Each structure stands twice: as structure tokens, then as C-alpha cells.
DNA sequence: AAAACATATGAGCAATTGTTCATATGATGA
DNA sequence: TCATCATATGAACAATTGCTCATATGTTTT
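Protein chains in written order, with the numbering used here: chain A, 5 to 126; chain B, 5 to 126.
This is the structure:
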């Protein structure tokens, strides 16, 4: 027979994980909204242009135009990316006349990038 | 006049960053290949399904089918994602008969996710 | 007010991505 | 060897993304 219910997910013949592991996973797993936020955050780090911008800002606060020149990219491209970085609260900015200076918002940027580096350098 | 050379990048009237900052950036910036690898690594964390899989594996090694059930997703979807995680060396696996058990490959996974969590929880 | 400079932003396009569906591979037991 | 279970994988499709181009906004100077 083995008629498969259509709406329920496929099942293995036997479940390998113990009951208490399942319970623990349920307790530990953050809720979906948090997981989406977390994925969104890492998506910001998932682009080499944005990583370059962050590395540049390690050294000093900098205006959009200087970053663009340093990275050899257009002002528009950099501005778009700074927008993402700003929205994720990874960078902050201050205005000084016509110029807007960007800088790192907190230490997590450094830590996260450093951990990533450690991983790929193995 | 201010005739703009076409091939050179746009310039600000005056560069704000100091000469020595520029030099330091050039010294500190990892090469492009490394930056791409780093971006690729973070791209793996940029999806909530993969994050869920990693969270599940925090508790215990687990087979593909169990993960699929726990997350309410198809075997195929999970298998595809495990492939990415495997390629990034974030998970490892061992075969036991028909079953393949996956587990976390190293501690960076935990650290990186934890740092990400800290950031979004502020 | 007008011109010039720095930055921001919207539309559009090519490229990438996550899932589904169908099917292939691999291992076990009858 | 054949059927079955567990896993892997290729093709296809919708959705997302990063850049470019054109233009808008905001600030300073004349």
C-alpha cells in the first residue's frame, strides 16, 4: 500500500533523531522573522563591493567620492551599496556641507569579517 | 573647462582622505580572489533555509530526511542546500548504509551566526 | 537666483539564486 | 536480480540583485 498523504511531507522509514533532540531543536531554533533578518544581514556581506567598502572604512571614515575613487567604481554604484549598508546599520554617516562621511557602525562588522576570513583561510 | 577624461573615474574636487590612509588601505585590503571567496562564504549564510539547517545541526548530526521533516521541506530542497554547505566546508558528512549523516564542520559556523545574531538584536 | 559640486535614487537589464519536478545514483534486503 | 529506500542532481522558472544611466535632492558659492 504505502499510500502517501499528499499534503504531508515525505517521511523516512525510520526517524533517526531522538525525541529529545527534536524538542531541543524546537526550543533553540529562533523564530522565522529573526531567521529572515539574520539571512538579510549576511546577504549584505555576500558581495565583494560591499566588503571592500567595509574594509576601506576599517581605516578611516570616508566620503562617498573618496570610496568610489579608491575602489575604482562609480559614485552611483557606491552610493547604492552604502544605502544597503546603512539600512543594515553596518555603517553610519555624518554630513559636513556637501560631503557625507561614512564610518563603521559597530564592532560586529570587524568580528564577522574576521571570522569569515579565518574560515576561508583554512 | 573641467573637461572630464572619459576613461578615468569621476573625481571629487578635493580628496578628503590623507595620503597615508590610502596607502594603509592598499596594504590592508585583501586581494580580489580572497574577497570573492569571502563574499561566497557569506552568501551561504544569506538564506534562511541554510541557516535553519545549521541551527538544527547545532544539536546533533542528522540525516537528510530527518532535516527535511524537521524543517517541513522536501528532501530535494534540503539536499541541494546541503550541497552548498558541503562545498563551503561548513558541514561534513559520513555515510552509514543508505543514510548520510551531516554535521557541522567547524566552530566558525557557530561564531559567525552568533555575531550576526548579536548585531540584529541590538 | 543660478551654477557647481556631492550625494541619492528610480528604472531597466543581465546575471544569479532557491525551489520544484523528474530522474539518476547508491545501498540494502528479498 | 529486482524492488525499495535514501540521497543527489539536472533542467526550468520565478524572484532577487548589482550595476549603469539619467535625473533628482541638497549644499555651498558667486
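Think of the CB as a built atom: it goes at the ideal place given N, C-alpha and C, for glycine as much as any other residue. All values derive from a computational prediction rather than experimental measurement.
Which listed residue (the options) has its alpha carbon closest to that of residue i
i: residue 87 of chain A; options: A:104, A:73, A:74; result: A:104
i: residue 94 of chain B; options: B:101, B:112, B:53; result: B:112
i: residue 3 of chain B; options: B:123, B:116, B:108; result: This structure gives no information on residue 3 of chain B, because the portion of chain B shown stretches from 5 to 126.
i: residue 123 of chain A; options: B:48, B:70, B:80; result: B:48
i: residue 59 of chain B; options: A:34, A:45, A:91; result: A:34
i: residue 119 of chain A; options: B:83, B:46, B:91; result: B:46
i: residue 23 of chain B; options: A:44, A:70, A:21; result: A:70
i: residue 125 of chain A; options: B:110, B:16, B:17; result: B:110
Simplified DSSP assignment, three categories, for residue i
i: residue 96 of chain A; result: strand
i: residue 18 of chain B; result: coil
i: residue 49 of chain A; result: coil
i: residue 78 of chain A; result: coil
i: residue 121 of chain B; result: helix
i: residue 88 of chain B; result: helix
i: residue 116 of chain B; result: helix
i: residue 83 of chain B; result: helix
i: residue 30 of chain B; result: helix
Within-8 Å CB hit, residue i to chain A
i: residue 84 of chain B; result: no
i: residue 57 of chain B; result: no
i: residue 95 of chain B; result: no
i: residue 91 of chain B; result: no
Interface flag, residue i vs chain B, CB-CB below 8 Å
i: residue 99 of chain A; result: no
i: residue 40 of chain A; result: yes
i: residue 104 of chain A; result: no
i: residue 70 of chain A; result: yes
Straight-line Cα distance separating residue j from residue i
i: residue 28 of chain B; j: residue 97 of chain A; result: 22 Å
i: residue 42 of chain B; j: residue 100 of chain B; result: 33 Å
i: residue 115 of chain A; j: residue 117 of chain B; result: 11 Å
i: residue 64 of chain A; j: residue 67 of chain B; result: 47 Å
i: residue 72 of chain B; j: residue 79 of chain B; result: 5 Å
i: residue 54 of chain A; j: residue 19 of chain A; result: 43 Å
i: residue 81 of chain A; j: residue 57 of chain A; result: 11 Å
i: residue 31 of chain B; j: residue 74 of chain A; result: 13 Å
i: residue 102 of chain B; j: residue 26 of chain A; result: 22 Å
i: residue 40 of chain B; j: residue 76 of chain B; result: 33 Å
i: residue 52 of chain A; j: residue 16 of chain A; result: 40 Å
i: residue 38 of chain A; j: residue 89 of chain B; result: 21 Å
i: residue 84 of chain A; j: residue 50 of chain A; result: 15 Å
i: residue 92 of chain A; j: residue 44 of chain A; result: 8 Å
i: residue 121 of chain B; j: residue 106 of chain A; result: 23 Å
i: residue 21 of chain B; j: residue 36 of chain B; result: 22 Å
Residues that residue i contacts on chain A, provided the C-beta gap is smaller than 9 Å
i: residue 51 of chain B; result: 43, 46, 47
Chain-ordered chain B contacts of residue i [CB-CB under 7 Å]
i: residue 64 of chain A; result: 21, 25
Within chain A, partners of residue i - CB distance below 8 Å
i: residue 74 of chain B; result: 21, 26, 29
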